[in-house]
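> Heads up: the sequence lines are chains A and B, in that order. Under my numbering, read the first sequence as residues 1 to 75, first letter to last. Under my numbering, read the second sequence as residues 1001 to 1457, first letter to last. Think of the CB as a built atom: it goes at the ideal place given N, C-alpha and C, for glycine as much as any other residue. Here the structure is a predicted model, which is why all the values come from computation and not from measurement.
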Amino acid sequence: MKKIAAVVSLIALTAILVCALMVFQGRMAFGRYASCLTVATLVWFLSSPFWLITPKGPASGLRRKKDDAADYHPQ
Amino acid sequence: MGKAKLTDRLDQLYEFDREPVHPEQLKTPGKFAAIFSGEHVAATEFVIGPMFVIHGVAAADLFWGLLIGNLLAVLSWAFIVAPIAVRTRLTLYWYVRRICGPGLTFIYNSANAVLYCVLAGAMISVAATAIGLAFKVPVPALTDVLPSSVGWVVLTLIIGSVVTLVAILGFEQVSRFSSVCAPWMFAIFIAGALALLPRLGNVRSLSDFWQVANQSIWTGIPLAGQEKYHFWHITFFAWSANLAMHVGLSDMALFRFAKNWKYGFLSAFGMYPGHFLAWICSGIMVAAAAREMNPGGMAYMAAGFSGALCVVVAGWTTANPTMYRAGLALQAATPNWKRWRVTLAAGLLTTVVSCFPVVFMRLMDFVALYGLILMPIGAVIFAEHWLLPRLGLLPYRAEQQGWFINWMALITWIVTLIIVALLPIHLFFRWLPGYLFAQALYLLLCWLEQTRKGKTA
């Protein structure tokens, strides 16, 4: 699920940039570009939380193990 | 749900604010990158980038000034704030208490919290310009000082309430929020600039862009009545835009969660996308918008509804960590208050401030002043942490002697502020001589105090 959400949200992000590039090159009308951005934005906010937000935050599963912290000496 | 139960649940949101961070609480580099990228691609970028255009910066001055100024800022995070934060694992506020005494800490934290609230208020004001456009609420002109309509006040009150709620929920929630928004916001900045660039000239290559940049965007000619900025203005503004966070050491609150000091270099994830590319993109947008300063309208023109939404979201993602810092500052000054209550107080102040458009109308001056006011205490902490032991002087005298106020720190703060106020140079340049002066003065006062008492610790 996370992988699918990541792919979908990255496609949305890419779509934003591609649409802007097409306007820049004169291959897309501004009104259509604005509509595409709205859709891509919606897709981004619906899909990105599934892989960017996890129950314990973006760093979930990457927390420092207790053994690794043995050399930690607060001063 | 009863009030007592709600209070209990909120109290459980206690974070490691008052004690050194525990090893299991340390964060990974990705979290710092997310925080920095979310915090520095912000609503203010829709104001500061256009300001450079309005102040007649030349294209070469802008690019070189931003490259060098942001590099200096990253180095300041890496070599000044991060090493102290990972050695102490404390927020600045509790470290100030150890060095300056509880009395001065109260003054410092109160000043700090108010400044943070004003900054967060500016973010909310900018966000409100976008929502005001979408819902036909009259948006104040950038020359306005007071609220221009009831609709504007209602808008800012609603936005301020939401930002406060998220800030109360804590560090993790703030980080989650910014990690979702940051990549999208950055894409909107790039897209808006790309889509509007053809309106400024025919750009088919990099050399075309450079020509358009010089002729139509950063022309080197300020608008009537505006001061002209040069290379050094840009360099020093970029360096000092977050002065309170790096040289002023406020980001100890974040870097106390870092595994080592090298995490300071991760600030580049905030500086170069936010304070380089986003400022350039918003400069392009305002040039295409006939140099009219209206963040919401400009973004709407560049990217439609998504652009206006970007201004709102950018405001939130910066206001949230800023309000988090304000909560930390106030908590140190009010040790018997729970975290959620002090953040709520900061949120209320921020929300009231955000009603006044003047907070973003004079944003660049406020940003410079805000760093300048807090900078002397950063100099005192740096001197106490690194320089006193190396000079054979005793550090942490306030803690050891039980001083209510470290008078040497207070004198340093006041005298430095008087000196920088009198310096006959531009506001953006004043902090550097002031910082060096503050360190020298504090060391001199400590030397005098300790030699007079024969180092009777």
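(1) Mind listing, in chain order, the continuous alpha helix (DSSP H) runs of no fewer than 4 residues lying wholly within the stretch 1352 to 1407 of chain B?
(2) Which of the three DSSP states is assigned to T1219/B in this structure?
(3) Is the CB-CB distance between F1236/B and F1429/B below 8 Å?
(4) Short of 6 Å in beta carbon distance, which residues of its chain neighbour M1271/B, apart from the five on each side in sequence? Order them along the chain.
(5) Hey, could you find the ends of the alpha helix (DSSP H) A1224/B is sitting in?
(6) Give the interface partners of W1386/B over in chain A, defined as CB-CB distance under 9 Å, in chain order.
(7) At the 8 Å Cβ level, is F1305/B part of the contact set with chain A, yes or no?
(8) For a contact defined as C-beta to C-beta under 9 Å, what are the partners of L17/A on chain B?
(9) For a contact defined as C-beta to C-beta under 8 Å, what are the partners of W1239/B on chain A?
(10) Using a Cβ-Cβ distance under 8 Å, would L1445/B count as near chain A?
(11) Using alpha carbons as the reference points, say which of L1410/B, S1076/B, C1446/B and A1409/B lies closest to A1241/B.
(12) Roughly how many angstroms separate the alpha carbons of A953/B and A1182/B, rounded to a whole number?
(13) What is the DSSP secondary structure of S60/A, counted as helix, strand or coil?
(14) Quick one: which chain A residues come within Cβ less than 8 Å of V1180/B?
(15) Within 10 angstroms of the Cβ of L1115/B, are there 16 or more other Cβ atoms? Answer buried if so, exposed if not.
(16) Is the Cβ of L1243/B closer than 8 Å to any Cβ of chain A?
(17) When the Cα atoms are used, what is the spatial distance from I53/A to V1180/B?
(18) May I ask you to check if the CB of N1109/B is nearer than 7 Å to at least one heavy atom of the ligand ZN?
(19) Could you tell me whether any Cβ in chain A is nearer than 8 Å to the Cβ of L1197/B?
(20) I think F50/A touches A15/A, with their Cβ atoms under 8 Å apart; what is that distance to the nearest whole Å?
(21) Out of I1405/B, P1198/B and I1418/B, state which residue places its alpha-carbon closest to the alpha-carbon of F1106/B.
(22) Would a check of beta-carbon distances place A20/A closer than 8 Å to chain B?
(23) Which same chain residues, not among the five before or five after G57/A, have their C-beta less than 7 Å away from its C-beta?
(24) How would you call E1039/B, buried or exposed, if buried means at least 16 neighbouring beta carbons within 10 angstroms?
(25) Taking Cβ positions only, does V79/A come closer than 8 Å to chain B?
(26) Can you tell me which of A1409/B, G1030/B and V1286/B puts its alpha carbon nearest to the alpha carbon of V1380/B?
In this structure, then:
(1) 1358 to 1361, 1363 to 1382 and 1397 to 1401
(2) Looking up residue 1219/B in the second sequence gives position 219. Here T1219/B sits in strand by DSSP.
(3) Counting from 1 along the second sequence, the entry for residue 1236/B is found at position 236. Counting from 1 along the second sequence, the entry for residue 1429/B is found at position 429. Result yes, Cβ atoms of F1236/B and F1429/B sit closer than 8 Å.
(4) Locating residue 1271/B in the second sequence gives position 271, where the first residue counts as 1. Cβ within range, chain order: N1070, A1073 and V1074.
(5) By 1-based counting over the second sequence, the position of residue 1224/B is 224. Careful: A1224/B lies outside any alpha helix (DSSP H) and carries neither H nor E.
(6) The sequence position of residue 1386/B within the second sequence is 386, counting from 1. What W1386/B touches in chain A: nothing, since even the nearest Cβ is about 13 Å away.
(7) Here residue 1305/B is taken as the residue at index 305 of the second sequence, counted from 1. Answer yes: the Cβ-Cβ gap between F1305/B and chain A drops below 8 Å somewhere.
(8) On the first sequence, residue 17/A is found 17 positions in, with the first residue counted as 1. Per Cβ cutoff of 9 Å: A1187, I1190, A1191 and L1194.
(9) Here residue 1239/B refers to the residue found at position 239 when the second sequence is read from its first residue. Near W1239/B there are no residues of chain A at all, since even the closest Cβ is about 29 Å away, more than 8 Å.
(10) Here the question's residue 1445/B lines up with position 445 in the second sequence. By this cut-off, L1445/B is not an interface position.
(11) Numbered from its first residue, the second sequence carries residue 1241/B at position 241. For A1241/B, the nearest C-alpha among the options comes from S1076/B.
(12) Nothing about residue 953/B can be read from this structure; chain B reaches only from 1001 to 1457.
(13) Sequence index remark: in the first sequence, residue 60/A carries index 60 (1-based). Model confidence at S60/A stands at a pLDDT of 35, short of 50, so the residue's coordinates are unreliable; what they give is reported in the following sentence. Coil, per DSSP.
(14) The sequence position of residue 1180/B within the second sequence is 180, counting from 1. The contacting residues are F45, S48, P49, L52 and I53.
(15) Position 115 of the second sequence, counted from the first residue, corresponds to residue 1115/B. The residue is buried, with at least 16 neighbouring Cβ atoms inside 10 Å.
(16) If you number the second sequence from 1, residue 1243/B lands on position 243. Not an interface residue.
(17) Walking along the first sequence from the start, residue 53/A turns up at place 53. Walking along the second sequence from the start, residue 1180/B turns up at place 180. Answer to the nearest angstrom: the Cα atoms are 7 Å apart.
(18) The ligand ZN is not among the ligands present in this structure, which contains no ligands whatsoever.
(19) Locating residue 1197/B in the second sequence gives position 197, where the first residue counts as 1. True, the Cβ-Cβ gap to chain A drops below 8 Å.
(20) Sequence index remark: in the first sequence, residue 50/A carries index 50 (1-based). Sequence index remark: in the first sequence, residue 15/A carries index 15 (1-based). About 18 Å; that fails the 8 Å criterion.
(21) Counting from 1 along the second sequence, the entry for residue 1106/B is found at position 106. Of I1405/B, P1198/B and I1418/B, the residue nearest in Cα terms is I1405/B.
(22) For this step, residue 20/A is matched to residue 20 along the first sequence. By this cut-off, A20/A is an interface position.
(23) Numbered from 1 along the first sequence, position 57 holds the residue referred to as residue 57/A. Only weak support exists for where G57/A lies, its pLDDT of 44 falling under 50; the value from the coordinates is given anyway. Excluding residues within five positions, none has a Cβ falling inside 7 Å.
(24) Against the second sequence, residue 1039/B aligns to sequence position 39. Classification for E1039/B: buried.
(25) Because residue 79/A is not part of the residues shown, which for chain A are 1 to 75, the question remains open.
(26) Start at 1 with the first residue of the second sequence, and residue 1380/B comes out as number 380. Considering only alpha carbons, the answer is A1409/B.
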